[in-house]
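Some notes on the structure that comes next.
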Amino acid sequence: MNCSISGEVPEEPVVSTKSGLLYEKRLIERHISDYGKCPVTGEALTMDDIVPVKTGKIVKPRSLTAASIPGMLGMFQNEWDALMLSNFALEQQLHTARQELSHALYQHDAACRVIARLKKERDEARSLLAQAERQAPLPASAATANVSALSNGKRAAESEDMGPGGKRMRPGVSDSIIAELTECNAALSQQRKKRQIPPTLAPIDALERYTQLSSHPLHKTNKPGITSIDINFSKDIVATGGVDSSAVLFDRTSGEILSTLSGHSKKVTSVKFVAQNDVFLSGSADKTVRIWQGSEDGKYDCRHILKDHTAEVQAVTVHATNNYFVTASLDMTWCFYDLSSGLCLTQVEDPSNSMGYTSAAFHPDGLILGTGTTGATVRIWDVKSRGNVANFDGHTGAVTAISFSENGYFLATAAHDGVKLWDLRKLKNFRSFELYDQDTPTNSVDFDHSGSYLAIAGSDIRVFQVGSVKAEWNCIKTLPDLSGTGKSTCVKFGPDAKYLAVGSMDRNLRIFGLPEGDDASTES
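Here the sequence shown is numbered in numbering that gives the first Met the number 0, starting from 0 and rising by one per residue.
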(Lines of atoms letter the chains of each structure in order from A and count residues from 1; the text may use other names and numbers.)
(Lines give C-alpha, C1' and ligand atoms only; values in the text may rest on other atoms or scores of the structure.)
Protein backbone atom coordinates (compact mmCIF):
# COMPACT_ATOMS: atom_id res chain seq x y z
CA MET A 1 0.00 0.00 0.00
CA ASN A 2 1.26 3.52 -0.83
CA CYS A 3 0.84 6.82 1.02
CA SER A 4 -2.06 8.90 -0.32
CA ILE A 5 0.11 12.03 -0.12
CA SER A 6 3.57 10.98 -1.34
CA GLY A 7 2.59 7.92 -3.39
CA GLU A 8 5.37 5.93 -1.78
CA VAL A 9 5.41 3.03 0.67
CA PRO A 10 5.11 4.62 4.18
CA GLU A 11 7.70 3.96 6.83
CA GLU A 12 5.18 4.66 9.65
CA PRO A 13 1.80 3.94 8.12
CA VAL A 14 -1.37 5.39 9.64
CA VAL A 15 -4.98 5.19 8.46
CA SER A 16 -7.87 7.68 8.69
CA THR A 17 -10.93 6.38 10.46
CA LYS A 18 -13.12 8.72 8.39
CA SER A 19 -11.88 8.09 4.87
CA GLY A 20 -9.94 4.82 5.31
CA LEU A 21 -6.98 6.27 3.41
CA LEU A 22 -3.36 5.35 4.21
CA TYR A 23 -0.78 8.04 4.98
CA GLU A 24 2.80 8.49 6.06
CA LYS A 25 2.50 9.58 9.72
CA ARG A 26 4.86 12.57 9.56
CA LEU A 27 3.17 13.91 6.38
CA ILE A 28 -0.40 13.67 7.64
CA GLU A 29 0.58 15.21 11.03
CA ARG A 30 2.11 18.23 9.31
CA HIS A 31 -0.87 18.62 6.95
CA ILE A 32 -3.38 18.44 9.83
CA SER A 33 -1.40 21.00 11.87
CA ASP A 34 -1.38 23.40 8.87
CA TYR A 35 -4.87 22.93 7.42
CA GLY A 36 -6.91 20.76 9.82
CA LYS A 37 -8.57 18.77 7.05
CA CYS A 38 -8.07 15.69 4.90
CA PRO A 39 -5.76 16.37 1.92
CA VAL A 40 -7.82 14.13 -0.33
CA THR A 41 -11.49 14.51 0.68
CA GLY A 42 -11.21 17.96 2.26
CA GLU A 43 -13.33 17.03 5.30
CA ALA A 44 -12.30 18.11 8.83
CA LEU A 45 -9.64 15.86 10.32
CA THR A 46 -7.77 15.71 13.64
CA MET A 47 -5.02 13.48 14.99
CA ASP A 48 -7.68 11.65 17.02
CA ASP A 49 -9.05 10.35 13.72
CA ILE A 50 -5.68 8.82 12.78
CA VAL A 51 -4.94 5.20 13.77
CA PRO A 52 -1.45 3.65 13.41
CA VAL A 53 -1.13 0.44 11.37
CA LYS A 54 1.09 -2.31 12.71
CA THR A 55 3.25 -3.96 10.03
CA GLY A 56 6.41 -5.93 9.84
CA LYS A 57 9.74 -4.33 9.16
CA ILE A 58 9.61 -2.74 5.74
CA VAL A 59 12.54 -2.80 3.41
CA LYS A 60 12.00 0.23 1.27
CA PRO A 61 12.50 -0.73 -2.36
CA ARG A 62 14.40 1.49 -4.70
CA SER A 63 12.10 3.85 -6.60
CA LEU A 64 11.63 2.73 -10.16
CA THR A 65 11.38 6.33 -11.34
CA ALA A 66 14.95 7.00 -10.26
CA ALA A 67 16.36 3.85 -11.79
CA SER A 68 16.34 5.02 -15.41
CA ILE A 69 16.58 8.18 -17.51
CA PRO A 70 12.93 8.01 -18.70
CA GLY A 71 11.87 7.55 -15.07
CA MET A 72 13.90 10.58 -13.96
CA LEU A 73 12.43 12.64 -16.79
CA GLY A 74 8.96 11.62 -15.62
CA MET A 75 9.84 12.58 -12.06
CA PHE A 76 11.10 15.98 -13.22
CA GLN A 77 7.93 16.45 -15.24
CA ASN A 78 5.81 15.74 -12.16
CA GLU A 79 7.80 18.22 -10.10
CA TRP A 80 7.41 20.85 -12.86
CA ASP A 81 3.65 20.28 -12.93
CA ALA A 82 3.52 20.67 -9.15
CA LEU A 83 5.50 23.90 -9.44
CA MET A 84 3.10 25.26 -12.05
CA LEU A 85 0.11 24.43 -9.87
CA SER A 86 1.76 26.16 -6.93
CA ASN A 87 2.49 29.21 -9.10
CA PHE A 88 -1.16 29.29 -10.24
CA ALA A 89 -2.29 29.25 -6.63
CA LEU A 90 0.06 32.15 -5.82
CA GLU A 91 -1.28 34.17 -8.76
CA GLN A 92 -4.82 33.62 -7.49
CA GLN A 93 -3.77 34.86 -4.05
CA LEU A 94 -2.09 37.91 -5.65
CA HIS A 95 -5.26 38.73 -7.62
CA THR A 96 -7.34 38.50 -4.46
CA ALA A 97 -4.88 40.74 -2.59
CA ARG A 98 -5.03 43.33 -5.39
CA GLN A 99 -8.82 43.36 -5.28
CA GLU A 100 -8.75 43.88 -1.52
CA LEU A 101 -6.19 46.69 -1.91
CA SER A 102 -8.29 48.38 -4.63
CA HIS A 103 -11.34 48.22 -2.38
CA ALA A 104 -9.36 49.70 0.53
CA LEU A 105 -8.07 52.55 -1.68
CA TYR A 106 -11.60 53.27 -2.88
CA GLN A 107 -12.81 53.45 0.72
CA HIS A 108 -9.88 55.76 1.58
CA ASP A 109 -10.70 58.06 -1.36
CA ALA A 110 -14.36 58.16 -0.33
CA ALA A 111 -13.35 58.98 3.24
CA CYS A 112 -11.11 61.82 2.00
CA ARG A 113 -14.00 63.24 -0.03
CA VAL A 114 -16.29 63.12 2.98
CA ILE A 115 -13.63 64.85 5.11
CA ALA A 116 -13.15 67.56 2.45
CA ARG A 117 -16.91 68.13 2.28
CA LEU A 118 -17.17 68.36 6.06
CA LYS A 119 -14.26 70.83 6.16
CA LYS A 120 -15.98 72.97 3.52
CA GLU A 121 -19.23 72.90 5.50
CA ARG A 122 -17.28 73.79 8.64
CA ASP A 123 -15.64 76.78 6.91
CA GLU A 124 -19.00 77.94 5.57
CA ALA A 125 -20.50 77.65 9.04
CA ARG A 126 -17.63 79.65 10.50
CA SER A 127 -18.11 82.32 7.84
CA LEU A 128 -21.84 82.54 8.58
CA LEU A 129 -21.10 82.70 12.30
CA ALA A 130 -18.60 85.53 11.76
CA GLN A 131 -21.16 87.44 9.71
CA ALA A 132 -23.80 86.91 12.38
CA GLU A 133 -21.43 88.15 15.06
CA ARG A 134 -20.73 91.31 13.04
CA GLN A 135 -24.42 91.98 12.48
CA ALA A 136 -25.57 91.19 16.05
CA PRO A 137 -23.66 93.32 18.64
CA LEU A 138 -22.89 91.66 21.94
CA PRO A 139 -24.48 92.99 25.17
CA ALA A 140 -22.21 95.30 27.14
CA SER A 141 -21.74 92.78 29.97
CA ALA A 142 -20.84 89.97 27.57
CA ALA A 143 -18.47 92.19 25.65
CA THR A 144 -16.74 93.23 28.90
CA ALA A 145 -16.44 89.61 30.02
CA ASN A 146 -15.08 88.62 26.62
CA VAL A 147 -12.45 91.35 26.67
CA SER A 148 -11.34 90.45 30.21
CA ALA A 149 -11.10 86.77 29.28
CA LEU A 150 -9.03 87.57 26.21
CA SER A 151 -6.77 89.83 28.21
CA ASN A 152 -5.68 86.85 30.30
CA GLY A 153 -4.53 84.84 27.28
CA LYS A 154 -2.40 85.10 24.17
CA ARG A 155 -5.08 87.05 22.28
CA ALA A 156 -4.94 90.07 24.55
CA ALA A 157 -3.14 92.10 21.87
CA GLU A 158 -5.91 91.34 19.38
CA SER A 159 -8.63 92.40 21.81
CA GLU A 160 -7.19 95.89 22.06
CA ASP A 161 -8.13 96.47 18.39
CA MET A 162 -11.72 95.29 18.83
CA GLY A 163 -14.56 97.71 19.26
CA PRO A 164 -18.16 97.29 20.42
CA GLY A 165 -19.91 94.26 19.00
CA GLY A 166 -16.62 92.49 18.40
CA LYS A 167 -15.80 94.58 15.33
CA ARG A 168 -12.21 95.47 14.62
CA MET A 169 -11.46 99.15 15.11
CA ARG A 170 -10.29 101.02 11.98
CA PRO A 171 -8.51 104.37 11.94
CA GLY A 172 -10.77 105.58 9.13
CA VAL A 173 -10.06 107.70 6.04
CA SER A 174 -8.68 111.01 7.30
CA ASP A 175 -9.38 114.45 5.85
CA SER A 176 -5.83 114.61 4.47
CA ILE A 177 -6.37 111.37 2.55
CA ILE A 178 -9.69 112.63 1.18
CA ALA A 179 -7.95 115.84 0.14
CA GLU A 180 -5.27 113.77 -1.62
CA LEU A 181 -7.90 111.73 -3.46
CA THR A 182 -9.79 114.89 -4.46
CA GLU A 183 -6.63 116.57 -5.75
CA CYS A 184 -5.75 113.49 -7.79
CA ASN A 185 -9.27 113.41 -9.22
CA ALA A 186 -9.09 117.07 -10.27
CA ALA A 187 -5.73 116.63 -11.98
CA LEU A 188 -6.78 113.50 -13.87
CA SER A 189 -10.10 115.01 -14.93
CA GLN A 190 -8.29 118.05 -16.31
CA GLN A 191 -5.87 115.85 -18.23
CA ARG A 192 -8.75 113.80 -19.64
CA LYS A 193 -10.30 116.88 -21.25
CA LYS A 194 -7.09 117.33 -23.25
CA ARG A 195 -6.66 113.62 -23.92
CA GLN A 196 -5.86 112.52 -27.45
CA ILE A 197 -5.46 109.08 -28.96
CA PRO A 198 -1.71 108.32 -28.90
CA PRO A 199 -0.15 107.97 -32.38
CA THR A 200 1.57 104.77 -31.25
CA LEU A 201 -1.76 102.99 -30.66
CA ALA A 202 -2.18 99.86 -32.77
CA PRO A 203 -4.58 100.61 -35.66
CA ILE A 204 -7.68 98.56 -36.41
CA ASP A 205 -6.16 96.82 -39.44
CA ALA A 206 -3.32 95.62 -37.21
CA LEU A 207 -5.70 94.11 -34.66
CA GLU A 208 -7.55 92.35 -37.47
CA ARG A 209 -4.34 90.42 -38.24
CA TYR A 210 -3.53 89.45 -34.65
CA THR A 211 -2.56 85.81 -34.15
CA GLN A 212 -0.91 83.79 -31.41
CA LEU A 213 2.74 84.79 -31.10
CA SER A 214 3.77 82.57 -28.18
CA SER A 215 2.56 80.28 -25.43
CA HIS A 216 4.34 79.99 -22.08
CA PRO A 217 3.72 77.25 -19.46
CA LEU A 218 3.97 79.27 -16.24
CA HIS A 219 2.00 77.26 -13.70
CA LYS A 220 1.99 73.70 -12.36
CA THR A 221 0.54 70.82 -14.37
CA ASN A 222 -1.20 69.17 -11.40
CA LYS A 223 -3.28 72.32 -10.75
CA PRO A 224 -3.67 74.07 -14.12
CA GLY A 225 -5.56 77.29 -14.62
CA ILE A 226 -4.78 81.03 -14.78
CA THR A 227 -7.36 83.12 -12.91
CA SER A 228 -6.11 86.69 -13.41
CA ILE A 229 -3.62 88.79 -15.40
CA ASP A 230 -2.05 92.22 -15.01
CA ILE A 231 0.69 94.02 -16.96
CA ASN A 232 3.37 96.45 -15.84
CA PHE A 233 3.39 98.74 -18.88
CA SER A 234 6.69 100.49 -18.10
CA LYS A 235 8.65 97.23 -17.88
CA ASP A 236 6.47 95.04 -20.13
CA ILE A 237 6.13 92.42 -17.39
CA VAL A 238 3.06 90.18 -17.29
CA ALA A 239 1.79 88.84 -13.96
CA THR A 240 -0.49 85.81 -13.69
CA GLY A 241 -2.35 84.34 -10.73
CA GLY A 242 -2.96 80.60 -10.79
CA VAL A 243 -5.05 77.82 -9.35
CA ASP A 244 -1.75 76.36 -8.07
CA SER A 245 -1.67 79.07 -5.33
CA SER A 246 1.22 80.98 -6.91
CA ALA A 247 1.70 84.22 -8.83
CA VAL A 248 4.22 84.35 -11.68
CA LEU A 249 6.01 87.42 -13.06
CA PHE A 250 6.95 86.97 -16.72
CA ASP A 251 9.20 89.17 -18.85
CA ARG A 252 7.44 89.23 -22.21
CA THR A 253 10.42 90.71 -24.06
CA SER A 254 12.92 88.03 -23.03
CA GLY A 255 10.35 85.24 -22.67
CA GLU A 256 11.67 84.32 -19.22
CA ILE A 257 10.04 83.88 -15.82
CA LEU A 258 11.38 86.57 -13.49
CA SER A 259 9.89 85.26 -10.27
CA THR A 260 7.38 82.75 -8.90
CA LEU A 261 5.72 84.08 -5.76
CA SER A 262 4.58 81.35 -3.39
CA GLY A 263 2.89 81.73 -0.02
CA HIS A 264 -0.84 81.57 -0.57
CA SER A 265 -2.50 78.31 0.49
CA LYS A 266 -5.32 78.44 -2.11
CA LYS A 267 -5.76 79.74 -5.64
CA VAL A 268 -4.67 83.30 -6.41
CA THR A 269 -7.81 85.14 -7.56
CA SER A 270 -6.42 88.61 -8.37
CA VAL A 271 -3.03 90.16 -9.18
CA LYS A 272 -2.19 93.86 -9.55
CA PHE A 273 0.95 95.91 -10.20
CA VAL A 274 1.45 99.23 -8.45
CA ALA A 275 2.83 101.65 -11.04
CA GLN A 276 5.43 103.04 -8.62
CA ASN A 277 8.04 101.61 -6.22
CA ASP A 278 8.07 98.12 -7.76
CA VAL A 279 5.22 96.82 -5.57
CA PHE A 280 2.94 93.92 -6.46
CA LEU A 281 -0.36 92.79 -4.88
CA SER A 282 -2.01 89.37 -4.83
CA GLY A 283 -5.39 88.30 -3.44
CA SER A 284 -6.36 84.72 -2.78
CA ALA A 285 -9.16 82.33 -1.92
CA ASP A 286 -7.29 81.73 1.38
CA LYS A 287 -8.89 85.04 2.58
CA THR A 288 -5.57 86.95 2.56
CA VAL A 289 -3.91 89.67 0.50
CA ARG A 290 -0.13 89.86 0.16
CA ILE A 291 1.99 92.93 -0.58
CA TRP A 292 5.22 92.04 -2.40
CA GLN A 293 8.21 94.37 -2.63
CA GLY A 294 10.61 94.02 -5.56
CA SER A 295 14.37 94.35 -5.20
CA GLU A 296 17.21 95.23 -7.55
CA ASP A 297 18.03 91.57 -8.23
CA GLY A 298 14.50 91.01 -9.57
CA LYS A 299 13.25 89.03 -6.57
CA TYR A 300 10.09 89.87 -4.64
CA ASP A 301 9.69 89.55 -0.88
CA CYS A 302 6.37 89.44 0.95
CA ARG A 303 6.20 92.65 2.99
CA HIS A 304 2.68 92.33 4.46
CA ILE A 305 0.05 89.61 4.83
CA LEU A 306 -3.39 91.17 5.26
CA LYS A 307 -6.02 89.07 7.06
CA ASP A 308 -8.96 91.44 7.40
CA HIS A 309 -11.42 89.39 5.34
CA THR A 310 -13.30 86.30 6.57
CA ALA A 311 -14.00 84.77 3.15
CA GLU A 312 -12.33 84.51 -0.26
CA VAL A 313 -10.73 87.69 -1.59
CA GLN A 314 -12.04 88.02 -5.15
CA ALA A 315 -10.55 91.30 -6.39
CA VAL A 316 -7.76 93.79 -5.79
CA THR A 317 -7.72 97.24 -7.42
CA VAL A 318 -5.14 100.05 -7.06
CA HIS A 319 -6.05 103.73 -6.75
CA ALA A 320 -4.65 106.23 -9.27
CA THR A 321 -2.45 107.83 -6.57
CA ASN A 322 -0.63 104.47 -6.21
CA ASN A 323 -0.79 105.06 -2.45
CA TYR A 324 -4.01 103.15 -1.70
CA PHE A 325 -5.82 100.05 -2.85
CA VAL A 326 -9.11 98.24 -2.31
CA THR A 327 -9.88 94.55 -1.83
CA ALA A 328 -13.31 92.95 -2.31
CA SER A 329 -14.40 89.68 -0.74
CA LEU A 330 -17.20 87.14 -0.57
CA ASP A 331 -17.65 88.17 3.09
CA MET A 332 -19.81 91.10 1.76
CA THR A 333 -17.22 93.76 2.61
CA TRP A 334 -14.56 95.77 0.81
CA CYS A 335 -11.46 97.20 2.50
CA PHE A 336 -9.58 100.42 1.79
CA TYR A 337 -5.85 100.08 2.53
CA ASP A 338 -2.84 102.33 2.89
CA LEU A 339 -0.22 100.76 0.63
CA SER A 340 2.93 101.81 2.49
CA SER A 341 1.86 100.46 5.89
CA GLY A 342 -0.52 97.71 4.79
CA LEU A 343 -3.05 99.12 7.25
CA CYS A 344 -6.78 98.71 6.61
CA LEU A 345 -8.14 102.23 7.01
CA THR A 346 -11.78 101.21 6.69
CA GLN A 347 -13.82 98.09 6.03
CA VAL A 348 -17.11 98.91 4.33
CA GLU A 349 -20.15 96.76 4.98
CA ASP A 350 -23.63 97.69 3.78
CA PRO A 351 -26.30 96.24 6.13
CA SER A 352 -28.77 96.18 3.25
CA ASN A 353 -26.46 94.02 1.14
CA SER A 354 -26.52 90.24 1.49
CA MET A 355 -24.30 89.49 -1.51
CA GLY A 356 -20.58 88.83 -1.59
CA TYR A 357 -18.31 90.82 -3.90
CA THR A 358 -16.84 89.03 -6.91
CA SER A 359 -15.06 91.89 -8.74
CA ALA A 360 -13.94 95.48 -8.17
CA ALA A 361 -12.31 98.34 -10.06
CA PHE A 362 -11.52 102.03 -9.49
CA HIS A 363 -12.78 104.65 -11.91
CA PRO A 364 -9.79 106.25 -13.74
CA ASP A 365 -10.28 109.46 -11.71
CA GLY A 366 -10.23 107.55 -8.42
CA LEU A 367 -13.31 108.87 -6.60
CA ILE A 368 -15.68 106.12 -7.80
CA LEU A 369 -15.40 102.41 -7.04
CA GLY A 370 -17.33 99.75 -8.92
CA THR A 371 -18.03 96.32 -7.39
CA GLY A 372 -19.70 93.25 -8.83
CA THR A 373 -21.65 90.88 -6.61
CA THR A 374 -22.71 87.25 -6.49
CA GLY A 375 -26.30 88.43 -6.91
CA ALA A 376 -25.79 89.89 -10.43
CA THR A 377 -25.83 93.50 -9.18
CA VAL A 378 -23.17 96.12 -9.93
CA ARG A 379 -22.76 98.54 -7.01
CA ILE A 380 -21.19 101.98 -7.46
CA TRP A 381 -19.56 103.66 -4.44
CA ASP A 382 -18.38 107.16 -3.57
CA VAL A 383 -14.88 106.54 -2.22
CA LYS A 384 -14.82 109.68 -0.06
CA SER A 385 -18.05 108.93 1.82
CA ARG A 386 -17.92 105.12 1.30
CA GLY A 387 -21.60 105.39 0.36
CA ASN A 388 -23.43 103.31 -2.22
CA VAL A 389 -24.52 105.92 -4.79
CA ALA A 390 -25.91 103.69 -7.57
CA ASN A 391 -26.81 100.10 -8.42
CA PHE A 392 -26.96 98.50 -11.87
CA ASP A 393 -29.25 95.49 -12.25
CA GLY A 394 -29.94 93.30 -15.25
CA HIS A 395 -27.23 90.64 -15.30
CA THR A 396 -27.76 86.94 -14.73
CA GLY A 397 -25.30 85.23 -12.39
CA ALA A 398 -22.31 86.62 -10.53
CA VAL A 399 -20.59 89.67 -12.03
CA THR A 400 -17.19 88.23 -12.93
CA ALA A 401 -15.36 91.33 -14.17
CA ILE A 402 -15.55 95.15 -14.26
CA SER A 403 -13.63 97.60 -16.43
CA PHE A 404 -13.93 101.40 -16.65
CA SER A 405 -13.09 103.13 -19.92
CA GLU A 406 -10.36 105.74 -19.90
CA ASN A 407 -12.86 108.33 -21.16
CA GLY A 408 -14.54 108.11 -17.75
CA TYR A 409 -18.04 107.66 -19.20
CA PHE A 410 -18.36 103.94 -19.93
CA LEU A 411 -18.37 100.91 -17.65
CA ALA A 412 -18.22 97.35 -18.99
CA THR A 413 -19.38 94.46 -16.79
CA ALA A 414 -19.26 90.72 -17.47
CA ALA A 415 -21.46 87.96 -16.04
CA HIS A 416 -22.93 84.60 -16.98
CA ASP A 417 -25.28 86.19 -19.53
CA GLY A 418 -22.61 88.22 -21.36
CA VAL A 419 -21.36 91.81 -21.26
CA LYS A 420 -23.29 94.98 -20.52
CA LEU A 421 -22.18 98.55 -21.21
CA TRP A 422 -23.30 101.30 -18.86
CA ASP A 423 -23.40 105.07 -19.34
CA LEU A 424 -22.17 106.59 -16.07
CA ARG A 425 -23.61 109.98 -16.94
CA LYS A 426 -27.19 108.71 -17.19
CA LEU A 427 -26.67 105.60 -15.02
CA LYS A 428 -28.26 103.23 -17.51
CA ASN A 429 -27.41 100.29 -19.73
CA PHE A 430 -27.11 101.27 -23.39
CA ARG A 431 -25.78 98.09 -25.00
CA SER A 432 -25.50 94.35 -24.25
CA PHE A 433 -23.43 91.61 -25.86
CA GLU A 434 -24.75 88.06 -25.55
CA LEU A 435 -21.85 86.35 -27.27
CA TYR A 436 -21.98 82.77 -25.99
CA ASP A 437 -24.53 80.08 -25.22
CA GLN A 438 -26.28 79.87 -21.86
CA ASP A 439 -23.77 77.34 -20.52
CA THR A 440 -20.73 79.53 -21.26
CA PRO A 441 -20.15 82.50 -18.93
CA THR A 442 -18.22 85.61 -19.90
CA ASN A 443 -15.19 85.68 -17.62
CA SER A 444 -13.30 88.90 -18.36
CA VAL A 445 -13.58 92.36 -19.95
CA ASP A 446 -10.84 94.95 -20.44
CA PHE A 447 -10.69 98.39 -22.04
CA ASP A 448 -7.28 99.25 -23.45
CA HIS A 449 -5.47 102.20 -21.87
CA SER A 450 -6.62 104.63 -24.58
CA GLY A 451 -10.26 103.57 -24.33
CA SER A 452 -10.36 102.71 -28.05
CA TYR A 453 -10.80 98.93 -27.81
CA LEU A 454 -12.68 96.47 -25.59
CA ALA A 455 -11.60 92.83 -25.17
CA ILE A 456 -13.98 90.11 -23.97
CA ALA A 457 -13.00 86.59 -22.88
CA GLY A 458 -15.30 83.56 -22.68
CA SER A 459 -15.10 80.47 -24.88
CA ASP A 460 -12.99 82.66 -27.18
CA ILE A 461 -11.52 86.19 -27.18
CA ARG A 462 -13.27 89.00 -29.02
CA VAL A 463 -12.02 92.53 -29.62
CA PHE A 464 -14.48 95.38 -30.23
CA GLN A 465 -13.89 98.87 -31.49
CA VAL A 466 -15.29 101.30 -28.92
CA GLY A 467 -18.14 103.36 -30.31
CA SER A 468 -20.52 105.61 -28.41
CA VAL A 469 -23.93 105.38 -26.82
CA LYS A 470 -25.60 105.53 -30.24
CA ALA A 471 -22.81 104.37 -32.58
CA GLU A 472 -22.18 100.67 -33.08
CA TRP A 473 -19.43 98.77 -31.30
CA ASN A 474 -18.05 96.56 -34.06
CA CYS A 475 -16.28 93.26 -33.44
CA ILE A 476 -13.01 93.59 -35.34
CA LYS A 477 -11.31 90.33 -34.30
CA THR A 478 -12.22 86.94 -32.84
CA LEU A 479 -9.34 84.89 -31.46
CA PRO A 480 -9.90 81.18 -30.69
CA ASP A 481 -9.25 79.66 -27.28
CA LEU A 482 -6.23 77.47 -28.07
CA SER A 483 -6.02 75.91 -24.60
CA GLY A 484 -8.41 73.10 -25.47
CA THR A 485 -10.43 73.85 -22.32
CA GLY A 486 -13.01 76.05 -24.03
CA LYS A 487 -12.65 78.62 -21.26
CA SER A 488 -10.57 81.78 -21.49
CA THR A 489 -10.55 83.19 -17.97
CA CYS A 490 -8.79 86.56 -18.29
CA VAL A 491 -7.58 89.00 -20.95
CA LYS A 492 -5.46 92.16 -20.79
CA PHE A 493 -4.28 94.66 -23.41
CA GLY A 494 -0.56 95.39 -23.59
CA PRO A 495 0.88 98.91 -24.00
CA ASP A 496 -0.75 100.73 -26.94
CA ALA A 497 -2.80 97.57 -27.60
CA LYS A 498 0.29 96.11 -29.30
CA TYR A 499 -0.60 92.67 -27.96
CA LEU A 500 -3.15 90.77 -25.89
CA ALA A 501 -2.23 88.59 -22.90
CA VAL A 502 -4.72 85.75 -22.38
CA GLY A 503 -5.07 83.20 -19.57
CA SER A 504 -7.14 80.02 -19.75
CA MET A 505 -7.90 76.96 -17.65
CA ASP A 506 -4.66 75.32 -18.75
CA ARG A 507 -1.33 76.50 -17.33
CA ASN A 508 -0.21 78.56 -20.35
CA LEU A 509 -0.02 82.31 -20.82
CA ARG A 510 -0.74 83.12 -24.48
CA ILE A 511 0.38 86.28 -26.28
CA PHE A 512 -1.58 87.43 -29.34
CA GLY A 513 -0.26 90.14 -31.63
CA LEU A 514 1.24 90.90 -35.02
CA PRO A 515 4.12 88.75 -36.30
CA GLU A 516 7.34 90.73 -36.77
CA GLY A 517 7.02 90.98 -40.56
CA ASP A 518 3.44 92.25 -40.42
CA ASP A 519 4.40 94.75 -37.71
CA ALA A 520 7.06 96.31 -39.91
CA SER A 521 4.70 96.61 -42.87
CA THR A 522 2.05 98.26 -40.68
CA GLU A 523 4.49 100.86 -39.34
CA SER A 524 5.68 101.73 -42.86
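C-beta atoms are modelled at their ideal positions from N, C-alpha and C, and glycine is treated no differently.
Could you check if Phe-391 is buried or exposed, using at least 16 other CB atoms within 10 Å of its CB as the buried criterion?
buried
DSSP puts Lys-476 in a beta bridge; with which residues?
Val-462
Are Leu-535 and Pro-363 touching if we call contact CB-CB under 8 Å?
For residue 535 there is no data in the structure shown, the boundaries of the chain being 0 and 523.
Which listed residue (Asn-1, Ser-101, Lys-271) has its alpha carbon closest to that of Val-52:
Asn-1
What separation, rounded to the nearest whole angstrom, lies between the Cα atoms of Pro-9 and Arg-29?
15 Å
What are the residues that DSSP puts in a beta bridge with Ser-339?
None, per the DSSP bridge assignment.
Sorted by chain position, which residues of the same chain lie with C-beta nearer than 6 Å to Ser-541's C-beta, five sequence neighbours on each side aside?
Within the shown structure, residues of the chain are numbered from 0 to 523, placing residue 541 beyond reach of any answer.
Check whether the stretch 409-421 and the stretch 193-201 touch, using three or more Cβ-Cβ pairs below 8 Å as the test.
no
Is Phe-75 helix, strand or coil when you go by DSSP?
helix
Ala-274 versus Tyr-105: straight-line alpha-carbon distance, rounded:
51 Å
Applying the criterion that 16 or more other CB atoms from any shown protein chain within 10 Å of the CB defines a buried residue, is Ile-114 buried or exposed?
exposed
The stretch 285-299 contacting the stretch 227-240, beta-carbon criterion three pairs below 8 Å
no
Are the CB atoms of Val-267 and Thr-326 within a distance shorter than 8 Å?
no
Does the separation of the CB atoms of Phe-361 and His-318 fall below 8 Å?
yes
Hey, Tyr-299 and Trp-333 are a contact pair by Cβ (cut 8 Å); roughly how many whole angstroms apart?
Contact doesn't hold; Cβ gap of about 25 Å is too wide.
Closer than 6 Å by C-beta to Trp-242: which residues in its own chain qualify, once you throw out the five before and the five after it? Chain order, please.
The question names Trp, but residue 242 is Val in the sequence shown. Cβ neighbours of Val-242 beyond the five flanking positions: Lys-222, Gly-224, Lys-266.
Between which two residues does the alpha helix (DSSP H) holding Glu-179 run?
174-192
Whole-angstrom distance between Asp-48 and Gln-91, CA atom to CA atom
32 Å
Report, in whole angstroms, the separation of the C-beta atoms of Gly-371 and Ser-358, which I expect to be a contact under 8 Å.
4 Å
Cys-111 burial status per 10 Å Cβ neighbour count (16 or more: buried):
exposed
In chain order, what are the residue ranges of uninterrupted beta strand (DSSP E) at least 3 long that sit wholly in the stretch 9-41?
12-15, 21-23
Three-state secondary structure (DSSP) at Ser-487?
strand
Am I right that Ile-455 and Val-501 are in contact with their C-beta atoms under 8 Å? What's the rounded C-beta distance?
The pair is not a contact, with the Cβ atoms about 11 Å apart (cut-off 8 Å).
Cβ atoms of Val-462 and Ala-400: under 8 Å apart, would you say?
no
Out of curiosity, what's the CA-to-CA distance linking His-583 and Ser-264?
In the structure as shown, the chain begins at 0 and stops at 523. Residue 583 is therefore absent and cannot be evaluated.
By Cβ distance below 6 Å, which residues in the same chain neighbour Tyr-498 in space, the five residues on each side in sequence not counted?
Ile-510, Gly-512
Arg-251 and Val-270 closer than 8 Å at C-beta
no
How is Tyr-452 classed by DSSP in three states: helix, strand or coil?
strand
For Lys-476, does the count of other Cβ atoms within 10 angstroms reach 16, so buried, or fall short, so exposed?
buried
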